[in-house]
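Residue numbers (this note's numbering), protein chains in the order written: chain A, 2 to 315; chain B, 28 to 297. All C-beta atoms in this analysis are idealised placements derived from N, C-alpha and C, irrespective of residue type, glycine included. All values derive from a computational prediction rather than experimental measurement.
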Amino acid sequence: MIEIQNLYKRYHGPFGGGWVLKDVNIIIPDGVSVGVVGKNGAGKSTLLRLIGGMDVPDRGRVVRRGRVSWPIGLAGGFKGSMTGRQNVKFVARIHGIKKSVASLIKEVESFAEIGKAFDDPVNTYSSGMRSRLAFGLSLAFDFDIYISDEATAVGDRAFKAKAREAFQKRIDHASLIMVSHGEGSLRQMCEAGIFVNEGSATWYDKIDDAITAYHQSSGLVTDVADEDDDYDLEDDFALPTDLASVDEQLKSLRRESAKIYKRQIIVDYLLESESSPSSKRDLEAERVTLKRNRREVKRRHHALRSLKAELDEK
Amino acid sequence: MATKTEQIPNSPRHPLRVTWDVWTAMYLREMVSRTMSDRMAWFWMIFEPVATIAVMIFIRTYIRGGKHIAGADFVPWMVVGLMGFYLFRETMMRPMGAVDANRGLFTYRQILPIDPVIVRCFVEGMIRTFVFLVFILVGSLLKIDLIPDHGFGVMLDWIGLWMLGVGLGVLLSVASGLVSEVGRVVRIVTLPLLLISGVIFPVTYVPAQYQEYLLWNPIVHGLESMRLSFFDSYHTIPGIDMIYLWLWALTSLSLGLIMHVRFAWKLKAR
Numbered sequence: 002m003i004e005i006q007n008l009y010k011r012y013h014g015p016f017g018g019g020w021v022l023k024d025v026n027i028i029i030p031d032g033v034s035v036g037v038v039g040k041n042g043a044g045k046s047t048l049l050r051l052i053g054g055m056d057v058p059d060r061g062r063v064v065r066r067g068r069v070s071w072p073i074g075l076a077g078g079f080k081g082s083m084t085g086r087q088n089v090k091f092v093a094r095i096h097g098i099k100k101s102v103a104s105l106i107k108e109v110e111s112f113a114e115i116g117k118a119f120d121d122p123v124n125t126y127s128s129g130m131r132s133r134l135a136f137g138l139s140l141a142f143d144f145d146i147y148i149s150d151e152a153t154a155v156g157d158r159a160f161k162a163k164a165r166e167a168f169q170k171r172i173d174h175a176s177l178i179m180v181s182h183g184e185g186s187l188r189q190m191c192e193a194g195i196f197v198n199e200g201s202a203t204w205y206d207k208i209d210d211a212i213t214a215y216h217q218s219s220g221l222v223t224d225v226a227d228e229d230d231d232y233d234l235e236d237d238f239a240l241p242t243d244l245a246s247v248d249e250q251l252k253s254l255r256r257e258s259a260k261i262y263k264r265q266i267i268v269d270y271l272l273e274s275e276s277s278p279s280s281k282r283d284l285e286a287e288r289v290t291l292k293r294n295r296r297e298v299k300r301r302h303h304a305l306r307s308l309k310a311e312l313d314e315k
Numbered sequence: 028m029a030t031k032t033e034q035i036p037n038s039p040r041h042p043l044r045v046t047w048d049v050w051t052a053m054y055l056r057e058m059v060s061r062t063m064s065d066r067m068a069w070f071w072m073i074f075e076p077v078a079t080i081a082v083m084i085f086i087r088t089y090i091r092g093g094k095h096i097a098g099a100d101f102v103p104w105m106v107v108g109l110m111g112f113y114l115f116r117e118t119m120m121r122p123m124g125a126v127d128a129n130r131g132l133f134t135y136r137q138i139l140p141i142d143p144v145i146v147r148c149f150v151e152g153m154i155r156t157f158v159f160l161v162f163i164l165v166g167s168l169l170k171i172d173l174i175p176d177h178g179f180g181v182m183l184d185w186i187g188l189w190m191l192g193v194g195l196g197v198l199l200s201v202a203s204g205l206v207s208e209v210g211r212v213v214r215i216v217t218l219p220l221l222l223i224s225g226v227i228f229p230v231t232y233v234p235a236q237y238q239e240y241l242l243w244n245p246i247v248h249g250l251e252s253m254r255l256s257f258f259d260s261y262h263t264i265p266g267i268d269m270i271y272l273w274l275w276a277l278t279s280l281s282l283g284l285i286m287h288v289r290f291a292w293k294l295k296a297r
């Protein structure tokens, strides 16, 4: 169980700073997995850091009953000049494991699947290998509560699937507190939700309610979903029948796709440099629409391609 | 996927137990990275002081003449001074980068900013002591008289110099963690220390009326006291007092530890 009582947090930077979190009171019961949603910069990660004990609140307190992990898949603590094995040993020692270090190392090694590289210095690793090692390390320890900041988004597809599966197995006897923008994985992994907005955090018994509240506050009803989530849009555009018009449509779709892509890059760039919240919100909204349009264009493109193949066969 | 997971000890560990586990783990990590980080790390550990001592002796012999030291052989005198000085300087300078270098480790909430600092001070002392012992051994084989006349006294002075480094190191690790300019300033300020601490030139060369200012520097007390224990017939300036050095060491250490307690989270968060 995690109990957050009257928690206040702010960061004193050189430019001052208001409260990131203000008067947060939440009790997370045992065995309930929680998804944390909110805008970028709303304080989700700060809340997670406070729960994980990596930061202290300015006022109030966090009571942890049970073993809480470090953020899953965080590779920051690796020393580059040391091998993967040495780094794993180090973390095991910190956690007071002595007798069974060997079996722990074996487990991390088999999960990370990085082969011989396990005995190479970590600074020779690719970022994917690093996160594999970090993820394997987190899962090798038996925590009561795992915390995760967009964790399942590491590694290639196969590893992602494996990680997700391992994660879900873990949820059977441990709970999870995760920050993510992928609503598909939030719905899949979590039961309850916390919505962080403008310094306050609200508890929802159902993750769907938290996501709905998030959508309502941001004024966007569109679904910002995982890239891997499947879409079932109805066929609403007329398919041409002759080869010439198919080719023409394909061409125009390609042009349109390129146009949207360009705009996407520009919006992404603007978002990074923009500071005023109102225009930022506009840009955010535009980005979402662009994303949806692009997906739509892609879908049409696919349909036309298969149609063309069909026509070619004829 | 393997489901056999590691059982972390179920009952919470005692805080001291946690600290001990962290220290042992970090000690091993630091030792490995200091001695194995590149192919020649261990070699430079020994060779670097040899080279500096050779350069210093060369300067003293050929450029600034006068190898005469009252009551001691020149080479052992120089070795003792440089070893003591490096012990102090390295234990003071190394911890300054410790907090920053181990920032990634603060994801594990068991580790506090003071831990890498203390571990580095300890590792540095161990390494320097080992190097000094190697010097004494090899020197004796080469018929250079490096056996101390009062071994116990030398040990106490050695520990005193070490503690002075530890105290200032702990203090500066917080200070430079909070205000990064401190590190730069300290690096500049320590440059002339080699000269004003009587490492290369005997303090007796300094005119009598300035000697009292020289004695404000606690390192002089440590080095001269160690030489007095090393060489029975050695003569130095009056007023050498280890109590003065220990006051410096303990004051800075206490202040440093207090600041570490006060600013632990600020150091972590930055």
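Answer yes or no: do A:N198 and A:S218 have a C-beta to C-beta separation smaller than 8 Å? Annotated as proximal: A:N198 and A:S218, with beta-carbon spacing under 8 Å.
Report buried or exposed for B:Q137, applying the criterion of at least 16 other Cβ atoms within 10 angstroms of its Cβ. Under this definition B:Q137 is a buried residue.
Among the candidates B:V201, B:L294, B:F112, B:K295, whose CA atom is the shortest distance from the CA of B:L218? Taking B:L218 as reference, the option from B:V201, B:L294, B:F112, B:K295 with the minimal CA-CA separation is B:F112.
Contact defined as beta carbons within less than 8 Å: I believe B:V209 pairs with B:T263. What is the distance between those atoms, to the nearest angstrom? Not confirmed; about 33 Å, so no contact.
Does any C-beta atom of chain A lie closer than 8 Å to the C-beta of B:W292? Taking a beta-carbon distance threshold of 8 Å, B:W292 counts as an interface residue toward chain A.
Every unbroken alpha helix (DSSP H) inside the region 35-103 of chain A [4 residues or more]: Those alpha helix (DSSP H) runs which fall completely within the region 35-103 of chain A and span 4+ residues are 45-53, 85-95.
Count the C-beta pairs between the region 73-91 of chain A and the region 249-260 of chain A that are closer than 8 Å, then say yes if the count reaches three, no if not. No, the region 73-91 of chain A is not in contact with the region 249-260 of chain A.
Taking 8 Å as the CB-CB limit, is A:L75 close to chain B? For A:L75, the answer is yes, since a Cβ of chain B falls inside 8 Å of its Cβ.
Proximal residues of chain A, C-beta to C-beta of B:L132 below 7 Å: In chain order: G78.
Would you say B:S64 lies against chain A (beta-carbon separation less than 8 Å)? By this cut-off, B:S64 is an interface position.
List the residues of chain A whose Cβ lies closer than 7 Å to the Cβ of B:R147, in chain order. Residues of chain A passing the Cβ test: none, with the nearest at roughly 14 Å.
Extract the residue ranges of the alpha helix (DSSP H) inside the region 200-225 of chain B, only unbroken runs of 4 or more that lie entirely within it. Here the runs fully enclosed are 208-216, 220-223.
Measuring straight from C-alpha to C-alpha, what distance separates B:L220 and B:V213? Cα to Cα, the separation comes out at about 11 Å.
When Cβ atoms are compared, which residues of the region 45-74 of chain A fall closer than 8 Å to chain B? Hits within the stretch, in order: G53, G54, M55, D56, V57, R68, W71, P72.
Count the other C-beta atoms from every protein chain shown that fall within 10 angstroms of the C-beta of A:D150, then say buried if there are 16 or more, exposed otherwise. Of the residues assessed, A:D150 falls on the buried side of the cut-off, its CB having 16 or more other CB atoms within 10 angstroms.
Taking the Cβ atom as the reference point for each residue, do B:H95 and B:V197 lie within a distance shorter than 8 Å? No, these two residues do not count as a Cβ contact at 8 Å.
I want to verify the contact list: residues of chain A whose CB lies under 7 Å from the CB of B:V49, in sequence order. Residues of chain A passing the Cβ test: I95.
Assuming A:R11 is part of the beta strand (DSSP E), what are its boundary residues? 3-11 is the span of the beta strand (DSSP E), which, as asked, contains A:R11.
B:A97 by DSSP, collapsed to three states: which one? If DSSP states are grouped into helix, strand and coil, B:A97 belongs with coil.
Contact set for B:L195: own chain, Cβ-Cβ below 6 Å, skip 5 residues either direction: Cβ neighbours of B:L195 beyond the five flanking positions: M119, S279.
What residues from chain B crowd round A:S82, counting only those whose CB sits closer than 7 Å? Proximity of chain B to A:S82 at the Cβ level (cut-off 7 Å) is accounted for by S60, S64, in chain order.
Chain A partners of B:A125, CB-CB under 8 Å? Residues of chain A whose Cβ lies closer than 8 Å to the Cβ of B:A125 do not exist, since the nearest Cβ in that chain is about 13 Å away.
Using a cut-off of 7 Å between C-beta atoms, extract the partners of A:F91 located in chain B. Chain-order list of chain B residues neighbouring A:F91: A52, R56, by C-beta distance under 7 Å.
Identify the residues that DSSP records as bridge partners of A:F196: which are they? BP columns for A:F196 point to A:V38, A:T203.
Coarse secondary structure for A:I267, derived from DSSP in three states: Three-state DSSP puts A:I267 in a helix.
is_contact[A:Q189, chain B] using C-beta, thresh 8 Å: With 8 Å as the cut-off, A:Q189 does not count as an interface residue toward chain B.
Using a beta-carbon distance below 8 Å, is A:D227 in contact with chain B? Note on A:D227: pLDDT 44, under 50, position unreliable in the model; the coordinate value appears next. Taking 8 Å as the threshold, the shortest C-beta distance from A:D227 to chain B does not fall below it.
Per-residue DSSP class, three states only, for A:N124: DSSP, reduced to helix, strand and coil, places A:N124 within a helical segment of the structure shown.
Do the CB positions of A:L272 and A:L291 come within less than 8 Å of each other? No, Cβ-Cβ distance for A:L272 and A:L291 is not below 8 Å.
So, for A:L187: in the same chain, excluding its five sequence neighbours on each side, which residues have a beta-carbon less than 8 Å away from its beta-carbon? So the list reads G36, V38, M179, S181, G194, I208, I212, once near-sequence residues are dropped.
Answer yes or no: the CB of A:T203 versus the heavy atoms of the ligand GDP, is any distance below 7 Å? The ligand content of the structure shown is nil, which means the ligand GDP is not present either.
What does B:I138 reach in chain A if we use C-beta pairs closer than 8 Å? Residues of chain A passing the Cβ test: I95.
Can you tell me where the alpha helix (DSSP H) with B:V165 in it begins and where it stops? Under the DSSP assignment, B:V165 falls in the alpha helix (DSSP H) whose first and last residues are 141-168.
My understanding is that A:L254 touches A:H302, with C-beta atoms under 8 Å, so please give their C-beta distance in whole angstroms. Correct: roughly 5 Å between the Cβ atoms.
Should B:A296 be flagged as near chain A, meaning a C-beta pair shorter than 8 Å? Output row for B:A296: interface = yes.
DSSP beta-bridge partners for A:L177? Residue pairing by DSSP places A:L177 opposite A:Y147 in a beta bridge.
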